[in-house]
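A.B. asks: Residue numbers (our numbering), protein chains in the order written: chain G, 647 to 966; chain S, 35 to 280.
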Amino acid sequence: MKALIQVENLRKHFGEVVALDGISFSVDEGELFGFLGPNGAGKTTTIKILTGIARADSGKVMVAGFDCMKDPKSHQHLIGIVPDESNLYPELSGFDNLCFCGALYGMAGYQRKARAAELVEAFGLGEIAHRKFGTYSKGMKRRVTIAAALMHHPGILFLDEPTSGIDVASARKIRQLIADLHRGGVTIFLTTHYIEEAERLCERIAFIVEGKIVRIDSIKNLIESTGETKALLVSVDAATCDLIRGLQREFSEFRFTWVGDGKIRVEYQDEISIAALVNFMESQGAEVTEARRVLPSLEDVFVKVTGLDKDLMQKDDAKQ
Amino acid sequence: MSKRWIAFANIIAKDVRAYYLKPPNISWGLIFPLAWAGMFLIRTGRGFEDVYSILGGAVGIAILFGTTSMLAVIITFERRTRSFERLLLAPIPIWLLILSKITGAVMFGVAGAFVPIVLASFVSDLSGINWLALAAGIFLTAVASGLIGLIIAISVREVFEAQTISNLFRFPMVFLCGLFFPLEVLPLPLRVVSYGLPLTYGIDILQGAIRGTSLMPIGFDLLIITLFCMGLLVAALKTANSKLII
Chain G
647 MKALIQVENL
657 RKHFGEVVAL
667 DGISFSVDEG
677 ELFGFLGPNG
687 AGKTTTIKIL
697 TGIARADSGK
707 VMVAGFDCMK
717 DPKSHQHLIG
727 IVPDESNLYP
737 ELSGFDNLCF
747 CGALYGMAGY
757 QRKARAAELV
767 EAFGLGEIAH
777 RKFGTYSKGM
787 KRRVTIAAAL
797 MHHPGILFLD
807 EPTSGIDVAS
817 ARKIRQLIAD
827 LHRGGVTIFL
837 TTHYIEEAER
847 LCERIAFIVE
857 GKIVRIDSIK
867 NLIESTGETK
877 ALLVSVDAAT
887 CDLIRGLQRE
897 FSEFRFTWVG
907 DGKIRVEYQD
917 EISIAALVNF
927 MESQGAEVTE
937 ARRVLPSLED
947 VFVKVTGLDK
957 DLMQKDDAKQ
Chain S
35 MSKRWIAFAN
45 IIAKDVRAYY
55 LKPPNISWGL
65 IFPLAWAGMF
75 LIRTGRGFED
85 VYSILGGAVG
95 IAILFGTTSM
105 LAVIITFERR
115 TRSFERLLLA
125 PIPIWLLILS
135 KITGAVMFGV
145 AGAFVPIVLA
155 SFVSDLSGIN
165 WLALAAGIFL
175 TAVASGLIGL
185 IIAISVREVF
195 EAQTISNLFR
205 FPMVFLCGLF
215 FPLEVLPLPL
225 RVVSYGLPLT
235 YGIDILQGAI
245 RGTSLMPIGF
255 DLLIITLFCM
265 GLLVAALKTA
275 NSKLII
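Structure, rendered in structure tokens:
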């Protein structure tokens with residue numbers, strides 16, 4: 647897969663404050679890449695450099711083959727940007743804002759009107775499209791801002807905290823939009839401090855803390871790399887002490903625990919044959935109604951990798 | 035039209051629609067030149083027959099305040115609401131962005147300049163005016179004032195800062211550029227300062243075009259104010275490059 651974004655040893659400081667301390671990563675074509683970290687970690691500074699509105703002190707930044715260190719604006723025709731706060735014009739309607747954004751990318755009048763109408767339809771903005779942007783709710787503003795970023799059909803989309811500070815229903819709609827865009831082949835660079843959002847949407851994630859990337863990997867690898875014991879939760883109609891003792895004798899390499907409510911937790915290190923377990927239980931007269939794997943969450947991984955308090959991200963949420 | 039020029043034209047159209055055509059700004063563009071023209075008339079005490087002597091000054095004041103005020107407000111407002119970031123994210127070079135902002139302000143300044151001229155046409159015969167020199171004077175004064183306003187607006191973060199700093203430049207210019215006092219009556223140190231101000235040359239062109247007499251030859255005034263505009267443009271581009279993409 648071709649890397650569309652390549653960053654090497656990127657550094658940026660504001661006075662005495664080190665915002666980025668030599669970060670390196672790459673994003674492949676068509677990938678949904680997450681940049682996860684608490685507020686002040688350097689996420690927005692990174693996105694500003696990648697989108698050409700901030701200059702790095704040193705390092706290498708290539709976006710779609712353009713050297714952004716030489717010319718920060720060289721690649722802007724290929725990218726769409728959704729900033730952390732909506733930056734459209736409150737005096738213009740949503741539709742006019744979309745048309746204006748199209749004009750900034752050199753689209754002709756008839757092209758931008760057609761594209762704006764298409765996005766109004768796709769984003770379900772019909773009723774409000776001709777109202778002034780300043781009168782919209784936060785969730786609606788964010789949707790129009792995403793639509794504005796897509797006016798010129800960009801191949802790469804930068805989303806900076808797209809769901810922060812908006813209601814649950816709007817956030818769900820926006821996550822769905824992001825997933826749809828990704829399925830449509832758009833390369834997405836997403837910054838967020840919502841761990842669940844990153845886990846749900848992204849293919850690979852970089853954890854950034856105090857200007858340093860502490861880990862980059864796929865979600866699967868991140869979770870598996872914690873080395874924590876894997877677990878299976880088995881629901882049976884009648885779990886008895888005899889059944890658990892029998893299981894422990896038959897499968898001595900596993901650990902069985904009665905967790906109540908007809909559920910048995912099975913902990914294992916490497917692989918487990920669910921069929922063998924189920925067959926054994928049914929041979930003992932128990933009916934298995936459900937068996938599912940219990941994986942450590944990305945939140946557990948984040949805490950383990952960064953050494954940060956789990957509550958730090960939740961405090962960031964509360965601030966929004 | 036190339037893609038860049040589509041963006042350029044639409045930034046101007048958006049500024050005109052979102053800012054310049056708003057009632058408070060139209061009234062500012064009308065009332066301010068009117069108030070200054072009235073004040074000058076009262077000061078001379080000779081009524082409408084003295085319109086010729088005050089028209090150049092009224093036009094100059096209307097341009098200076100119209101362009102610098104509007105740019106200071108628009109740019110600092112857009113930077114505060116982050117909508118200016120939308121322009122920086124667009125694939126247009128900084129110089130074109132600056133040019134689009136300046137063009138809107140120059141258009142507003144030029145329109146404001148014609149308010150006292152149109153009013154004067156009702157009470158006085160303006161057939162003696164050198165219209166070509168007047169148009170050149172209005173345009174170059176608007177460009178120079180607009181660029182000063184732009185440099186100030188980019189250098190600060192708040193609207194009130196922009197207005198305060200603009201006044202630090204505007205009022206000394208008003209008093210030292212020959213509007214109130216002829217340059218020849220100023221003490222030598224102030225006269226030296228006067229010759230360092232672009233408005234001095236702009237006002238001299240306007241007064242020469244309207245009254246037929248100027249302190250310096252109009253051609254010389256045009257050359258100097260053009261050089262001022264070029265210098266201010268270079269300074270504005272340098273400031274924009276260092277302040278807008280940090």
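Cβ coordinates follow ideal geometry from the N, Cα and C atoms, glycine included.
Predicted, not measured: the structure shown is a model, and the values here were computed from it.
Which partner residues does tyrosine 840 of chain G have in the DSSP bridge list?
C.D. replies: Here residue 840 of chain G corresponds to residue number 194 of the first sequence, with the count starting at 1. For tyrosine 840 of chain G, no pairing in a beta bridge is given by DSSP.
A.B. asks: On the CB-based measure, 16 or more other CB atoms within 10 Å of its CB, does methionine 786 of chain G come out buried or exposed?
C.D. replies: For this step, residue 786 of chain G is matched to residue 140 along the first sequence. Taking a 10 Å sphere around the C-beta of methionine 786 of chain G, we find 16 or more other C-beta atoms and assign the residue as buried.
A.B. asks: Between the segment 164 to 172 of chain S and the segment 110 to 128 of chain S, are three or more C-beta pairs nearer than 8 Å?
C.D. replies: no
A.B. asks: Please give the ranges of any beta strand (DSSP E) in the segment 876 to 907 of chain G, keeping only runs that are unbroken, at least 3 residues long and fully inside the region.
C.D. replies: Entirely contained in the segment 876 to 907 of chain G, the beta strand (DSSP E) runs reaching 3 residues are, in chain order, 876 to 882, 901 to 906.
A.B. asks: Would you verify that the beta carbon of lysine 965 of chain G is, or is not, closer than 8 Å to some beta carbon of chain S?
C.D. replies: Residue 965 of chain G sits at position 319 when you count from the first residue of the first sequence. Because the pLDDT at lysine 965 of chain G is just 42, under 50, the model does not fix this residue reliably, and the point stays unresolved.
A.B. asks: Counting only the same chain and skipping the five closest in sequence on each side, list residues whose C-beta sits under 6 Å from that of isoleucine 669 of chain G.
C.D. replies: Counting from one through the first sequence, the residue named residue 669 of chain G turns up at place 23. Cβ neighbours of isoleucine 669 of chain G beyond the five flanking positions: Leu656, Ile859.
A.B. asks: Between the Cα of leucine 954 of chain G and the Cα atoms of G/Gly683, G/Asp674, G/Ala665, G/Val653, which residue gives the shortest distance?
C.D. replies: Within the first sequence, numbered from 1, the residue matching residue 954 of chain G stands at position 308. Among G/Gly683, G/Asp674, G/Ala665, G/Val653, the Cα nearest to that of leucine 954 of chain G belongs to G/Gly683.
A.B. asks: Considering only their Cβ atoms, is the gap separating tryptophan 904 of chain G from isoleucine 920 of chain G smaller than 8 Å?
C.D. replies: The residue given as residue 920 of chain G occupies position 274 in the first sequence. The residue given as residue 904 of chain G occupies position 258 in the first sequence. No, they are not a contact pair.
A.B. asks: So with Cβ pairs under 8 Å, would you call glycine 752 of chain G a contact of chain S?
C.D. replies: As a first step, residue 752 of chain G must be located in the first sequence, where it is residue number 106. For glycine 752 of chain G, the answer is yes, since a Cβ of chain S falls inside 8 Å of its Cβ.
A.B. asks: Would serine 36 of chain S be called buried (16 or more neighbouring beta carbons within 10 Å of its own) or exposed?
C.D. replies: For the purposes of this step, residue 36 of chain S is taken as residue 2 along the second sequence, with counting starting at 1. It counts as exposed.
A.B. asks: What number of angstroms, rounded off, separates the C-alpha of glutamate 933 of chain G from the C-alpha of glutamine 822 of chain G?
C.D. replies: Within the first sequence, the letter at position 287 stands for residue 933 of chain G. Within the first sequence, the letter at position 176 stands for residue 822 of chain G. Taking the straight line from one Cα to the other gives about 38 Å.
A.B. asks: Can you check whether the C-beta of tyrosine 756 of chain G is within less than 8 Å of a C-beta belonging to chain S?
C.D. replies: Mapped onto the first sequence, residue 756 of chain G falls at position 110. It does not; no Cβ of chain S falls within 8 Å.
A.B. asks: Kindly provide the ranges of any alpha helix (DSSP H) runs that are 4 or more residues long and lie completely inside the segment 733 to 772 of chain G, ordered along the chain.
C.D. replies: 740 to 750, 755 to 768
A.B. asks: Quick one: what does DSSP say leucine 55 of chain S is sitting in, helix, strand or coil?
C.D. replies: As a first step, residue 55 of chain S must be located in the second sequence, where it is residue number 21. Reduced to three states, the DSSP call for leucine 55 of chain S is coil.
A.B. asks: So the alpha helix (DSSP H) phenylalanine 203 of chain S belongs to, where does it begin and stop?
C.D. replies: Here residue 203 of chain S refers to the residue found at position 169 when the second sequence is read from its first residue. Per DSSP, phenylalanine 203 of chain S belongs to the alpha helix (DSSP H) from 193 to 210.
A.B. asks: Could you please give me the residues that DSSP links to tyrosine 914 of chain G through a beta bridge?
C.D. replies: Looking up residue 914 of chain G in the first sequence gives position 268. Tyrosine 914 of chain G is bridged to G/Lys876.
A.B. asks: If you run the structure through DSSP and keep just helix, strand and coil, what is alanine 964 of chain G?
C.D. replies: Taking the first sequence and counting its residues from 1, the one referred to as residue 964 of chain G is at position 318. Confidence is the limiting factor: at alanine 964 of chain G the pLDDT is only 46, short of 50, which leaves the residue's position unreliable and the question unanswerable from this model.
A.B. asks: Show which residues of chain S have a CB atom less than 7 Å away from the CB atom of alanine 937 of chain G.
C.D. replies: The sequence position of residue 937 of chain G within the first sequence is 291, counting from 1. Correct list: empty, because the minimum Cβ distance to chain S is about 50 Å.
A.B. asks: Check whether chain S comes within 8 Å of isoleucine 699 of chain G, counting only Cβ atoms and requiring the distance to be less than that.
C.D. replies: Against the first sequence, residue 699 of chain G aligns to sequence position 53. With 8 Å as the cut-off, isoleucine 699 of chain G counts as an interface residue toward chain S.
A.B. asks: Please work out which residues of its chain come closer than 7 Å, Cβ to Cβ, to histidine 828 of chain G, disregarding the five sequence neighbours upstream and downstream, and give them in chain order.
C.D. replies: Working through the first sequence from its first residue, we reach residue 828 of chain G at position 182. Counting only Cβ-Cβ distances below 7 Å, and skipping sequence neighbours, we find Leu678, Ile834.
A.B. asks: Along chain G, in chain order, which residues have C-beta atoms closer than 7 Å to that of alanine 124 of chain S?
C.D. replies: For the purposes of this step, residue 124 of chain S is identified with residue 90 of the second sequence, where counting begins at 1. By Cβ distance, chain G contributes Gln722, Leu750, Tyr751.
A.B. asks: What residue does the alpha helix (DSSP H) around alanine 9 of chain S start on, and which one ends it?
C.D. replies: What the structure shows of chain S is the stretch from 35 to 280, and residue 9 of chain S is not part of that stretch, so it cannot be assessed.
A.B. asks: Given lysine 784 of chain G, which residues of its chain have a CB within under 7 Å of its CB, disregarding the five upstream and five downstream residues?
C.D. replies: As a first step, residue 784 of chain G must be located in the first sequence, where it is residue number 138. Gly811, Ile812.
A.B. asks: If you count every other CB in all the chains shown that lies within 10 Å of the CB of glutamine 241 of chain S, and 16 or more means buried, which is it?
C.D. replies: For the purposes of this step, residue 241 of chain S is taken as the residue at position 207 of the second sequence. Buried: at least 16 other Cβ atoms inside 10 Å.
A.B. asks: Reducing DSSP to helix, strand and coil, say where leucine 803 of chain G ends up.
C.D. replies: On the first sequence, position 157 is the one that residue 803 of chain G refers to. DSSP places leucine 803 of chain G in strand when its eight states are reduced to three.
A.B. asks: Less than 7 Å between the CB of arginine 850 of chain G and some heavy atom of the ligand HEM, yes or no?
C.D. replies: By its list of ligands, the structure shown contains no ligand whatsoever, and the ligand HEM lies outside what it can speak to.
A.B. asks: Taking the alpha-carbon of phenylalanine 681 of chain G as reference, which of G/Leu738, G/Glu675, G/Ser864 has the nearest alpha-carbon?
C.D. replies: Residue numbering aside, residue 681 of chain G sits at position 35 when the first sequence is read from its first letter. Out of G/Leu738, G/Glu675, G/Ser864, G/Ser864 has the C-alpha closest to the C-alpha of phenylalanine 681 of chain G.
A.B. asks: Alpha helix (DSSP H) containing methionine 786 of chain G: first to last residue?
C.D. replies: Numbered from its first residue, the first sequence carries residue 786 of chain G at position 140. Its alpha helix (DSSP H) spans residues 784 to 795.
A.B. asks: Check whether the segment 738 to 748 of chain G and the segment 764 to 778 of chain G touch, using three or more Cβ-Cβ pairs below 8 Å as the test.
C.D. replies: yes
A.B. asks: Which residues share a DSSP beta bridge with valine 707 of chain G?
C.D. replies: In the first sequence, the residue the question calls residue 707 of chain G occupies position 61. Paired residues: G/Val653.
A.B. asks: Closer than 7 Å by beta-carbon distance: list the chain G residues that pair up with serine 117 of chain S, in chain order.
C.D. replies: In the second sequence, the residue the question calls residue 117 of chain S occupies position 83. Within chain G, the residues near serine 117 of chain S are Asn733, Leu734, Tyr735.
A.B. asks: Provide the residue(s) that pair with isoleucine 280 of chain S in DSSP beta bridges, ordered along the chain.
C.D. replies: The count along the second sequence starts at 1 and reaches residue 280 of chain S at position 246. In DSSP, isoleucine 280 of chain S forms no bridge with anything.
A.B. asks: Helix, strand or coil for serine 871 of chain G per DSSP?
C.D. replies: The residue you call residue 871 of chain G lines up with position 225 of the first sequence. Three-state result, serine 871 of chain G: coil.
A.B. asks: Please decide whether asparagine 44 of chain S counts as near chain G, where near means a Cβ-Cβ distance under 8 Å.
C.D. replies: As a first step, residue 44 of chain S is located in the second sequence; it is residue number 10 there, counting from the start. Yes, asparagine 44 of chain S counts as interfacial toward chain G.
A.B. asks: Determine whether the beta carbon atoms of alanine 243 of chain S and isoleucine 128 of chain S lie at a separation below 8 Å.
C.D. replies: Here the question's residue 243 of chain S lines up with position 209 in the second sequence. Here the question's residue 128 of chain S lines up with position 94 in the second sequence. No. Outside cutoff.
A.B. asks: Can you tell which of S/Ile188, S/Ala92, S/Arg245, S/Pro57 has the C-alpha that lies nearest to the C-alpha of alanine 69 of chain S?
C.D. replies: Translated into the one-based positions of the second sequence, residue 69 of chain S becomes position 35. Answer by Cα proximity: S/Ala92.
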